[in-house]
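Taken in sequence, the protein lines are chains U and G.
Anchor point for the first sequence: position 127 equals 126 in numbering that gives the first Met the number 0, and the numbering is continuous, going up by one each time.
Anchor point for the second sequence: position 186 equals 185 in numbering that gives the first Met the number 0, and the numbering is continuous, going up by one each time.
Note that beta-carbon positions come from the ideal geometry of N, C-alpha and C, so glycine has one too.
From a predicted model like this one, the values you see are computed outputs, not experimental measurements.
Beneath this line is the structure, given in structure tokens, with notes to follow.
Number of protein chains: 2
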Amino acid sequence: MKVLSLDLGGTHAKCGIVEDGKLLRSQVVQIQGDGKLGAALPTVTQGFANLCQLEHLQFSDFYGVVIGFCGLVNREARRVVSTNFKYEDAPNLDLQAWALQQFGLPLWIENDARMALLGEWYAGAAKGNDDVVMVTLGTGIGGAALMGGRLLIGKHSQAGCLGGHFPMRVDGERCSCGAIGCAESEVAGWSLPRTCGKWPQFESSMLAGEEINFKSLFRCADAGDAVALGVLNYCLKVWAANAVALVHAYDPEVLVYGGGVMRSGDIIVNYVQDYVARHTWTPWGAVRVRAALLGEDAGLLGAVPLIQECERSSTNVR
Amino acid sequence: MKVLSLDLGGTHAKCGIVEDGKLLRSQVVQIQGDGKLGAALPTVTQGFANLCQLEHLQFSDFYGVVIGFCGLVNREARRVVSTNFKYEDAPNLDLQAWALQQFGLPLWIENDARMALLGEWYAGAAKGNDDVVMVTLGTGIGGAALMGGRLLIGKHSQAGCLGGHFPMRVDGERCSCGAIGCAESEVAGWSLPRTCGKWPQFESSMLAGEEINFKSLFRCADAGDAVALGVLNYCLKVWAANAVALVHAYDPEVLVYGGGVMRSGDIIVNYVQDYVARHTWTPWGAVRVRAALLGEDAGLLGAVPLIQECERSSTNVR
Numbered sequence: 000m001k002v003l004s005l006d007l008g009g010t011h012a013k014c015g016i017v018e019d020g021k022l023l024r025s026q027v028v029q030i031q032g033d034g035k036l037g038a039a040l041p042t043v044t045q046g047f048a049n050l051c052q053l054e055h056l057q058f059s060d061f062y063g064v065v066i067g068f069c070g071l072v073n074r075e076a077r078r079v080v081s082t083n084f085k086y087e088d089a090p091n092l093d094l095q096a097w098a099l100q101q102f103g104l105p106l107w108i109e110n111d112a113r114m115a116l117l118g119e120w121y122a123g124a125a126k127g128n129d130d131v132v133m134v135t136l137g138t139g140i141g142g143a144a145l146m147g148g149r150l151l152i153g154k155h156s157q158a159g160c161l162g163g164h165f166p167m168r169v170d171g172e173r174c175s176c177g178a179i180g181c182a183e184s185e186v187a188g189w190s191l192p193r194t195c196g197k198w199p200q201f202e203s204s205m206l207a208g209e210e211i212n213f214k215s216l217f218r219c220a221d222a223g224d225a226v227a228l229g230v231l232n233y234c235l236k237v238w239a240a241n242a243v244a245l246v247h248a249y250d251p252e253v254l255v256y257g258g259g260v261m262r263s264g265d266i267i268v269n270y271v272q273d274y275v276a277r278h279t280w281t282p283w284g285a286v287r288v289r290a291a292l293l294g295e296d297a298g299l300l301g302a303v304p305l306i307q308e309c310e311r312s313s314t315n316v317r
Numbered sequence: 000m001k002v003l004s005l006d007l008g009g010t011h012a013k014c015g016i017v018e019d020g021k022l023l024r025s026q027v028v029q030i031q032g033d034g035k036l037g038a039a040l041p042t043v044t045q046g047f048a049n050l051c052q053l054e055h056l057q058f059s060d061f062y063g064v065v066i067g068f069c070g071l072v073n074r075e076a077r078r079v080v081s082t083n084f085k086y087e088d089a090p091n092l093d094l095q096a097w098a099l100q101q102f103g104l105p106l107w108i109e110n111d112a113r114m115a116l117l118g119e120w121y122a123g124a125a126k127g128n129d130d131v132v133m134v135t136l137g138t139g140i141g142g143a144a145l146m147g148g149r150l151l152i153g154k155h156s157q158a159g160c161l162g163g164h165f166p167m168r169v170d171g172e173r174c175s176c177g178a179i180g181c182a183e184s185e186v187a188g189w190s191l192p193r194t195c196g197k198w199p200q201f202e203s204s205m206l207a208g209e210e211i212n213f214k215s216l217f218r219c220a221d222a223g224d225a226v227a228l229g230v231l232n233y234c235l236k237v238w239a240a241n242a243v244a245l246v247h248a249y250d251p252e253v254l255v256y257g258g259g260v261m262r263s264g265d266i267i268v269n270y271v272q273d274y275v276a277r278h279t280w281t282p283w284g285a286v287r288v289r290a291a292l293l294g295e296d297a298g299l300l301g302a303v304p305l306i307q308e309c310e311r312s313s314t315n316v317r
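In structure tokens:
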């Protein structure tokens, strides 16, 4: 099955041609200026046309178009439900009509972390496991849960997606989601500068003269900076405690970590694996913690299993 | 449908005769000495025999026996999987054989918080809502999740049951489940004395001369004791933040609170309702927070919907 696959993540956008578990070709999409999705759709259309030309394919060779979107999605209605700062016009767009007009193809759409989970399940780190939680550590903390080989969806399409928004500190900082002290509002890309800035003796730290992100945090910690080491240790603790919550919430056998922060993935995976082994209540055995294998392509590769799952759902006797 | 229903909770045990959504008659079961379940089964058998005699019924008038158990249960294998201090012999017992030998009836078994949720859904506070999370505040903090009218089970029967075991404080106290700083290890019946004992100026509090439980905590707070007020406020905050995590995890429309602590239920329900309205990311609307209506009988009344759900599952095309 060949699919036109579009990944609209929080920090990057990419279109690709996917055939089953393989990404035949892809290209980054430049979203202009004000981050409106409507204005970017012609660029996406052009991107898919380029890819098809290079692969000597016609739009009619494809089964459909799939979009992974960085927000809450109602896949039955095939619409974006809610966004968190990015692509704020998306809930008003009729993407199904766009796919039909531009390519003559049907559309499927899902949350981007769920797409990454499906990709890693179908062709990456979670292959062969039907009970999986995915965590994406990046600008935010995304999540998704697969139970018995099916994505957990929930009444309003929110279940599993908000794993980064479990409160971990009752007197913590306010999160962009509205909650207090979420994992994301303590130790994600956007909240890291705030957490560092409030750390005792921050002014005396190497970080005070830097642009603060996970790259500079890991570098300053490597150099022995006490504040950076303190913050890094706090990040690891929060990620690990959040992992315990996710295991207790969704009962998985495998936890997969992806996202930009995973360029320093070994430290994180090892820390979380050790913590989870000591601190979860899993009388059946031990949850395995793994780094994602597909990097930024995971979402694109979720396209085929998403279509398969949606088509199975629609013929399922309930 | 008439069922012999047994509720083996953390702090009480009760057997009852249930007909659909009505509890016809019930009696408390005294579990002797060392809390072994095997030794208590003859008392349970005798209890059911007494109830039947009083109702002029024979064992053959019943559809089956249902047990709600305070631990992890594998309902397909019809066995207890893991206990947390109470009834430690239960995983070794063949309860199915016991039901067949004593009553000539088939057995169903589920976790006690899941049974309470089914009871409240079928005949109590969650009637008419198919997306429900139940929290039981008592000696521990129990949980259960209903999604789309089906209990969330998980690969190892743990999903939804461990809602009291989401870490809320990364540097908190160790929980009996193995995790650090769970809601349960901060503010449940068994952990409350520890939390009070470590509170600043505890020695000067009225609580220092008391047996510490939620009853004495509420009473001392009412009397204006500063430590009791501080601890109570902390309890409310942790329960409310835990509610945010549960909403973000399972995407329900209704949160139901039951358990012994709910004798002071209005304060808790109002606090959690207000906090959840302000601090969850629910673009679709507001989660409703309700006190359980069936009290200690909720678990017994889960019997009929449990059998219905199990029988639907076994005939469901997957």
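If you compare the alpha carbons of U/Ala178, U/Val260, U/Trp120 with that of U/Leu136, the shortest gap goes to U/Val260. When U/Ser4, U/Ala158, U/Trp189, U/Val303 are compared, the shortest CA-CA separation from U/Ala48 is found for U/Ser4. For the C-beta of U/Val243, the chain G residues within less than 7 Å are, from N- to C-terminus, Pro166, Ala178. The three-state secondary structure of U/Glu54, taken from DSSP, is coil.
Taking a cut-off of 8 Å on C-beta distances, the region 89-101 of chain U does not touch the region 114-133 of chain U, as fewer than three cross pairs fall below it.
Closer than 8 Å to the CB of G/Asp273 there is not a single CB belonging to chain U.
Around the beta carbon of G/Leu216, 16 or more other beta carbons sit within 10 angstroms, so the residue counts as buried. Separation of U/Pro105 and U/Gly63 (C-alpha to C-alpha, rounded to the nearest whole angstrom) is 5 Å. When Cβ-Cβ separations below 8 Å define contact, U/Asp111 makes no contact with chain G.
For the options G/Leu53, G/Glu202, G/Ser25, G/Val79, the alpha carbon positioned closest to that of G/His11 is the one of G/Ser25.
Within the same chain, and ignoring the five residues on either side of U/Trp198 in sequence, the residues whose Cβ sits closer than 7 Å to its Cβ are Val226, Gly229, Val230. DSSP, read as helix, strand or coil, puts G/Glu210 in coil. For a cut-off of 8 Å, the C-beta gap from G/Ala291 to G/Ala297 is around 6 Å, short enough to register as a contact.
The residue among G/Asn212, G/Phe201, G/Gly127 with its C-alpha nearest the C-alpha of G/Leu191 is G/Asn212.
Between G/Ala240 and U/Ile140, the CB-CB gap reaches or exceeds 8 Å.
In this structure, the straight-line span from the alpha carbon of G/Leu235 to that of G/Trp280 is close to 20 Å.
The residues Ala227, Leu228, Leu231, in chain order, have a CB closer than 6 Å to that of G/Ala220 in the same chain once the five nearest residues on each side in sequence are set aside. G/Gly147 has a beta carbon lying within less than 8 Å of a beta carbon in chain U. About 5 Å separates the Cβ atoms of G/Val288 and G/Val268, confirming a contact at the 8 Å cut-off. Here U/Asn73 has Val80, Ser156 as same chain residues with Cβ atoms under 6 Å from its own Cβ, once five neighbours each way along the sequence are excluded.
In the structure shown, G/Phe68 falls within a strand segment according to DSSP collapsed to helix, strand and coil. Annotation: Cβ neighbours of G/Thr279 in chain U (cutoff 7 Å, chain order): Gly177, Ala178. A distance below 6 Å between beta-carbons, with the five flanking residues on each side excluded, links U/Gly8 to the following residues of its chain, in chain order: Cys69, Asp111.
When the five nearest sequence neighbours on each side are left out, the beta carbons in the same chain lying within less than 6 Å of the beta carbon of G/Ser204 are those of Asp224, Val226, in order along the chain.
Contacts between G/Asp250 and chain U, judged by CB atoms closer than 7 Å, involve Gly153, Lys154, His155, Gln157, Ala158 in chain order. Residue pairing of G/Asp6 in beta bridges, as defined by DSSP: G/Lys13, G/Gly67. By the rule that beta-carbons nearer than 8 Å mark a contact, U/Ser313 does not touch chain G. The contact set of U/Ser184 on chain G, defined by CB atoms closer than 8 Å, is empty, because the minimum CB distance reaches about 11 Å.
From the listed residues G/Ile108, G/Ala222, G/Glu210, G/Glu172, the smallest Cα separation to G/Gln307 is found for G/Ile108. U/Ala125 sits close to U/Val255, with the two beta carbons spaced by under 8 Å. Within chain G, the residues placing a beta-carbon under 7 Å from that of U/Ser81 are Pro282, ordered along the chain. Look at G/Lys197 here: in three-state DSSP terms it is coil, with no helix or strand label. The three-state reading of DSSP puts U/Thr44 in helix, counting H, G and I together.
Residues of chain U with a Cβ closer than 8 Å to the Cβ of G/Asp130 are, in chain order, Gly153, Lys154.
Counting along the chain, the unbroken alpha helix (DSSP H) around U/Glu119 starts and ends at 111-122. For a Cβ distance threshold of 7 Å, residue set Val169 of chain G lies close to U/Lys236, ordered along the chain.
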